[in-house]
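Reviewing the structure listed below.
Residue numbers (our numbering): 415 to 545.
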């Protein structure tokens, strides 16, 4: 498992974080991902595998995803490039997007972001399958 964009690890979550690391999870923060770049991150993920992609809207910057309770700081195109890189590395067989909270975003911009992301992610997955 490769959780990307982890915001922080509180003292209550430290045990689970340490357990995940000890059992092979490669956990990266947004800062670490930006330092490595998309290719550097994708190279850390086992190649030629089947992947299930779960996206938490909390991973996005609140300037583009105000409808979340605990934002991180990814921007839209960073996530799309990570998805495109992963799709080239192996086969994305499923995807979900969670934590859109309309009560926090009365403009609906977070829901629009989520819909656009799923649509564009699907496009990048199918393009990678044709290459």
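Even for Gly, the Cβ is constructed at its ideal location relative to N, Cα and C.
Inset, instruction - Report buried or exposed for residue 541, applying the criterion of at least 16 other Cβ atoms within 10 angstroms of its Cβ. - result: exposed
Inset, instruction - Since I believe residue 452 is in contact with residue 505 (beta carbons under 8 angstroms), could you give me their beta-carbon distance rounded to a whole number of angstroms? - result: About 18 angstroms separates the two Cβ atoms, so there is no contact after all.
Inset, instruction - Compare the Cα-Cα distances from residue 443 to each of 431, 436, 437 and report the closest residue. - result: 431
Legend entry - Cα-Cα separation, residue 434 to residue 488: Rounded to whole angstroms, residue 434 to residue 488 spans 22 angstroms at the Cα level.
Inset, instruction - Measure the CB-CB distance between residue 470 and residue 458 and report whether it falls below 7 angstroms. - result: Result no, Cβ atoms of residue 470 and residue 458 do not sit closer than 7 angstroms.
Inset, instruction - Compute the distance between the beta-carbons of residue 514 and residue 483, then report whether it is under 7 angstroms. - result: no
Inset, instruction - Mark residue 473 as exposed unless 16 or more other C-beta atoms lie within 10 angstroms of its C-beta, in which case mark it buried. - result: buried
Legend entry - Alpha-carbon spacing of residue 535 relative to residue 420, whole angstroms: 20 angstroms
Legend entry - As assigned by DSSP and simplified to three states, the class of residue 495: helix
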